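Undergrad: There's a structure below that I have some questions on.
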């Protein structure tokens with residue numbers, strides 16, 4: 001039971017992250033308590049919040065929800081059923097509309113906006129958004145490399161590619177003709193696992209990597225230019241297709257031999 | 001060509017939902033924006049109802065796409081005939097400056113436009129899209145649904161990823177892409193935010209309207225504060241506002257930012273003494289739509305209704321509400337059972 005409780009608590013801590021939305025929410029609850037009238041709304045918000053808190057914290061309900069409804073690793077999504085923006089906005093509006101004097105309203109509005117700004121963090125920052133270079137909003141290097149391989153292939157059917165794991169998730173968003181050895185998390189099959197292990201090595205053992213790619217019938221190999229020894233790749237019968245955007249694309253000996 | 005594509009996009013994201021929304025227009029959703037929101041619930045329900053059998057029957061994607069479009073168009077024609085008077089009335093009401101002296105509402109619209117423009121013009125890359133957008137490109141490429149692993153392209157050998165099959169929002173992305181001829185990544189990353197972020201505010205508008213009734217100043221202030229709260233919700237990556245503002249094209253973001261607040265607003269009707277019959281159908285549509293956009297919606301949407309049911313049904317001993325809510329949640333419960341059996 002304590003384990004479930006601590007898991008719920010940890011997700012709460014993760015949810016509030018670097019901000020103080022819980023404090024803002026608590027202050028809003030206290031304010032709501034003192035706002036005159038509006039019994040109907042008070043009843044709704046207090047009951048709704050109360051039931052949510054019980055559902056979230058109570059080890060019995062939390063365990064049922066974790067095991068059968070949301071899953072343990074996304075238990076934080078329970079907070080989505082608590083309309084935090086609506087509740088804060090409701091109390092804020094009530095406080096602003098409490099008196100008719102314009103000066104009071106302006107000061108109250110400033111205080112509320114200040115509290116929101118102080119308790120949160122702006123979504124629009126460099127961590128989240130970057131400049132757009134194409135309307136697909138995919139890394140330009142992915143588009144260039146995909147186009148280069150598809151043009152070189154110039155045929156129907158799947159093109160099988162081994163690429164660095166950090167960019168592997170983007171290729172099939174752009175073109176599903178490209179098949180990958182493994183996904184961004186792991187390799188589903190033993191053979192792919194061996195290839196992934198070789199790709200993660202530094203320096204790369206080109207001989208083993210090319211042999212594994214060949215055995216598993218891959219057509220292209222993409223390596224970071226800084227890690228790729230082009231002479232070694234050529235000596236393993238690979239043809240360098242292009243070097244672009246910091247990556248080397250090479251056509252493997254098995255190319256088109258499906 | 002781009003003009004034709006733009007018209008198709010407008011039809012898919014605005015016109016068709018609007019006409020469908022007219023079917024269940026109640027007093028609460030008697031304006032264009034709320035009609036569009038309710039229309040989304042209905043057309044997503046239709047998609048859920050036809051896509052799951054199509055996937056299990058292993059029909060081609062084209063079959064699903066054209067049947068869906070046919071149903072949508074029939075719905076639009078029926079709506080045009082059946083609701084022509086209400087539609088004409090609503091269209092006549094359209095003004096360039098609809099809020100008269102309510103200047104706060106214009107500020108809110110500016111804020112929402114700013115948020116929308118940033119989402120459309122700037123880029124946020126999310127690796128979860130290897131599943132969401134990847135499923136759409138894979139579906140279009142192979143003309144089959146869930147026959148290939150979306151992330152690597154290998155055959156799934158008939159083993160459906162049941163979690164995704166029951167929440168086929170990425171397949172809908174493929175439908176949008178096929179009809180508009182825009183790349184799925186363009187639809188997801190550039191076009192969807194342009195419609196979904198404002199839609200989120202329509203859901204909050206419904207909450208505001210339910211609380212403040214006809215007090216338009218209060219509704220405007222309420223929406224203004226919601227907009228500011230949403231903008232300052234990046235204290236963690238888990239918040240509903242973060243999801244809707246930065247990755248609105250993902251089904252779970254649509255669930256968190258649009259559908260759950262809308263369901264909350266709808267459930268506020270439980271407080272009323274008399275509830276229209278249409279309302280229950282609308283709530284049921286929102287429940288099914290929630291399950292269509294995200295597997296999480298299968299349970300989270302009934303939870304919201306369940307809490308309201310406790311507050312207004314059980315605590316006040318209004319048994320009519322309890323059994324109606326139970327009935328409304330039946331489709332989600334069926335999906336939950338299917339998921340538990342097949343996972």
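Chains as they are written, first to last, in this note's numbering: chain A, 1 to 258; chain B, 1 to 343. Where is the CB? At the ideal position from N, CA and C, for every residue including glycine. Since we're looking at a predicted model, the values are computed, not measured.
1. Residue 311 of chain B touches chain A at which residues, Cβ-Cβ below 8 Å?
2. Hey, could you find the ends of the alpha helix (DSSP H) residue 253 of chain B is sitting in?
3. Among A/8, A/40 and A/35, whose alpha-carbon lies nearest the alpha-carbon of residue 61 of chain A?
4. Answer yes or no: does any C-beta atom of chain A fall closer than 8 Å to that of residue 129 of chain B?
5. My output table needs one value for residue 103 of chain B: the three-state DSSP class, helix, strand or coil.
6. Just checking my contact of residue 253 of chain B with residue 243 of chain B at CB under 8 Å: how many whole Å lie between their CB atoms?
7. Decide if residue 127 of chain A is buried, meaning its Cβ has at least 16 other Cβ atoms within 10 Å, or exposed.
8. Is the separation between the beta-carbon of residue 46 of chain B and that of residue 71 of chain B shorter than 8 Å?
9. Does residue 159 of chain B come within less than 8 Å of chain A when only Cβ atoms are used?
10. Output, in chain order, the set of chain A residues within a Cβ distance shorter than 8 Å of residue 123 of chain B.
11. Pick helix, strand or coil for residue 179 of chain A, following the three-state DSSP scheme.
12. For a quick check, are the C-beta atoms of residue 177 of chain A and residue 159 of chain A less than 8 Å apart?
13. Spatial neighbours of residue 233 of chain A within its chain, please: CB distance less than 6 Å, with the 5 preceding and 5 following residues excluded, ordered by chain position.
14. Quick check on residue 103 of chain A: buried or exposed, where buried means 16 or more other Cβ atoms within 10 Å of its Cβ?
15. Residues of chain C with CB closer than 8 Å to the CB of residue 229 of chain B, please, in chain order.
16. Got a sec: is the Cβ-Cβ distance from residue 204 of chain B to anything in chain A below 8 Å?
17. Round the Cβ separation of residue 56 of chain A and residue 66 of chain A to the nearest angstrom and send it over; I've been treating them as touching at under 8 Å.
18. Kindly list, in the order they appear in chain B, the residues whose Cβ is closer than 8 Å to that of residue 255 of chain A.
19. Name the residue from B/187, B/4 and B/313 whose alpha carbon lies nearest to the alpha carbon of residue 177 of chain B.
20. Out of curiosity, what's the CA-to-CA distance linking residue 3 of chain B and residue 119 of chain B?
21. Measure the C-alpha to C-alpha separation of residue 261 of chain B and residue 171 of chain B and round it to an integer number of angstroms.
22. Whose CA, out of A/179, A/142, A/140 and A/190, lies closest to the CA of residue 156 of chain A?
23. Using the Cα positions of residue 190 of chain A and residue 202 of chain A, report the straight-line distance between them to the nearest angstrom.
24. At a CB-CB cut-off below 8 Å, which residues of chain A make contact with residue 1 of chain B?
25. Return the residue from the list B/318, B/219, B/340 and B/336 that minimises the CA-CA distance to residue 103 of chain B.
26. Determine the chain A residues that contact residue 154 of chain B at a beta-carbon separation under 7 Å, and present them in chain order.
27. At the 8 Å Cβ level, is residue 221 of chain B part of the contact set with chain A, yes or no?
28. Which residues in the same chain as residue 343 of chain B place their Cβ atom closer than 8 Å to its Cβ, once the five residues preceding and following it in sequence are excluded?
29. Mind the definition here: the stretch 196-215 of chain B touches the stretch 255-274 of chain B only if three or more C-beta pairs lie below 8 Å; say whether that holds.
30. Pull up the DSSP beta-bridge partners for residue 223 of chain A, would you.
31. Run through chain A and tell me which residues come within less than 7 Å of residue 261 of chain B, C-beta to C-beta.
32. According to DSSP, residue 155 of chain B sits in a beta bridge with which residue or residues?
33. Does the beta-carbon distance from residue 302 of chain B to residue 329 of chain B come in below 8 Å?
34. So with CB distances below 8 Å, who are the chain A contacts of residue 137 of chain B?
35. State yes or no: is the C-beta of residue 245 of chain B within less than 8 Å of the C-beta of residue 293 of chain B?
36. By Cβ distance, which residues of its chain are closer than 8 Å to residue 148 of chain A, with the 5 residues on each side in sequence left out?
TA: Considering the structure as presented:
1. Here residue 311 of chain B refers to the residue found at position 311 when the second chain is read from its first residue. Simply 43, 44, 47, 48 and 51.
2. Taking the first residue of the second chain as 1, we reach residue 253 of chain B at position 253. Start and end: 251-254.
3. Within the first chain, numbered from 1, the residue matching residue 61 of chain A stands at position 61. Closest by alpha carbon: A/8.
4. Counting from one through the second chain, the residue named residue 129 of chain B turns up at place 129. Yes, its Cβ sits closer than 8 Å to a Cβ of chain A.
5. One-based indexing of the second chain puts residue 103 of chain B at position 103. In this structure, residue 103 of chain B counts as helix in the three-state DSSP scheme.
6. Against the second chain, residue 253 of chain B aligns to sequence position 253. Against the second chain, residue 243 of chain B aligns to sequence position 243. About 4 Å separates the two Cβ atoms, so the contact holds.
7. Your numbering for residue 127 of chain A matches position 127 in the first chain. Exposed.
8. In the second chain, the residue the question calls residue 46 of chain B occupies position 46. In the second chain, the residue the question calls residue 71 of chain B occupies position 71. With respect to the 8 Å criterion, residue 46 of chain B and residue 71 of chain B are classified as neighbours on the basis of their beta carbons.
9. Position 159 of the second chain holds residue 159 of chain B. Closer than 8 Å: no.
10. Working through the second chain from its first residue, we reach residue 123 of chain B at position 123. Neighbours of residue 123 of chain B on chain A, chain order: 129, 130, 131, 132, 133 and 137.
11. Locating residue 179 of chain A in the first chain gives position 179, where the first residue counts as 1. Strand, per DSSP.
12. Taking the first residue of the first chain as position 1, residue 177 of chain A is located at position 177. Taking the first residue of the first chain as position 1, residue 159 of chain A is located at position 159. Yes.
13. Here the question's residue 233 of chain A lines up with position 233 in the first chain. Hits under 6 Å: 206 and 250.
14. As a first step, residue 103 of chain A must be located in the first chain, where it is residue number 103. With fewer than 16 neighbouring CB atoms inside 10 Å of its own CB, residue 103 of chain A falls in the exposed class.
15. In the structure shown, chain C cannot be found, because the protein chains are A and B.
16. Taking the second chain and counting its residues from 1, one reaches residue 204 of chain B at position 204. True, the Cβ-Cβ gap to chain A drops below 8 Å.
17. For the purposes of this step, residue 56 of chain A is taken as residue 56 along the first chain, with counting starting at 1. For the purposes of this step, residue 66 of chain A is taken as residue 66 along the first chain, with counting starting at 1. About 11 Å; that fails the 8 Å criterion.
18. Here the question's residue 255 of chain A lines up with position 255 in the first chain. Per Cβ cutoff of 8 Å: no residues; residue 255 of chain A is ~17 Å from chain B at best.
19. Position 177 of the second chain, counting from 1, holds the residue named residue 177 of chain B. Closest option to residue 177 of chain B, Cα to Cα, is B/187.
20. Here residue 3 of chain B corresponds to residue number 3 of the second chain, with the count starting at 1. Here residue 119 of chain B corresponds to residue number 119 of the second chain, with the count starting at 1. When the Cα atoms are used, residue 3 of chain B and residue 119 of chain B turn out to be separated by approximately 22 Å.
21. Residue 261 of chain B sits at position 261 when you count from the first residue of the second chain. Residue 171 of chain B sits at position 171 when you count from the first residue of the second chain. Spanning the two alpha carbons is a distance of roughly 24 Å.
22. By 1-based counting over the first chain, the position of residue 156 of chain A is 156. It is A/179.
23. To locate residue 190 of chain A, count along the first chain from 1; it is residue 190. To locate residue 202 of chain A, count along the first chain from 1; it is residue 202. Inter-residue distance for residue 190 of chain A and residue 202 of chain A is about 21 Å (C-alpha atoms, whole angstroms).
24. Sequence index remark: in the second chain, residue 1 of chain B carries index 1 (1-based). Simply none; closest approach about 15 Å.
25. As a position in the second chain, residue 103 of chain B is number 103, starting the count at 1. For residue 103 of chain B, the nearest C-alpha among the options comes from B/219.
26. Reading the second chain from its first residue, position 154 is the one you call residue 154 of chain B. Among the residues of chain A, those whose CB is under 7 Å from the CB of residue 154 of chain B are 179, following chain order.
27. Indexing the second chain from 1 puts residue 221 of chain B at position 221. Chain A contact via Cβ: present.
28. Numbered from 1 along the second chain, position 343 holds the residue referred to as residue 343 of chain B. Non-local beta-carbon contacts of residue 343 of chain B in its own chain, meaning distances under 8 Å to residues more than five positions away in sequence, involve 162 and 163 in chain order.
29. Output reads yes: the stretch 255-274 of chain B touches the stretch 196-215 of chain B.
30. Residue mapping note: residue 223 of chain A aligns to position 223 of the first chain, counting from 1. Per DSSP, A/248.
31. By one-based count along the second chain, residue 261 of chain B stands at place 261. Residue 261 of chain B reaches chain A at 83 and 86, counting residues in chain order whose Cβ is nearer than 7 Å.
32. Reading the second chain from its first residue, position 155 is the one you call residue 155 of chain B. Answer is B/148, bridged to residue 155 of chain B.
33. As a first step, residue 302 of chain B is located in the second chain; it is residue number 302 there, counting from the start. As a first step, residue 329 of chain B is located in the second chain; it is residue number 329 there, counting from the start. Note that the C-beta distance between residue 302 of chain B and residue 329 of chain B is below 8 Å.
34. Start at 1 with the first residue of the second chain, and residue 137 of chain B comes out as number 137. Those are 172, 173, 174, 175 and 176, listed as they occur along chain A.
35. Within the second chain, numbered from 1, the residue matching residue 245 of chain B stands at position 245. Within the second chain, numbered from 1, the residue matching residue 293 of chain B stands at position 293. In this structure, residue 293 of chain B does not lie closer than 8 Å to residue 245 of chain B by Cβ.
36. Here residue 148 of chain A refers to the residue found at position 148 of the first chain. Cβ within range, chain order: 241, 242, 244 and 249.
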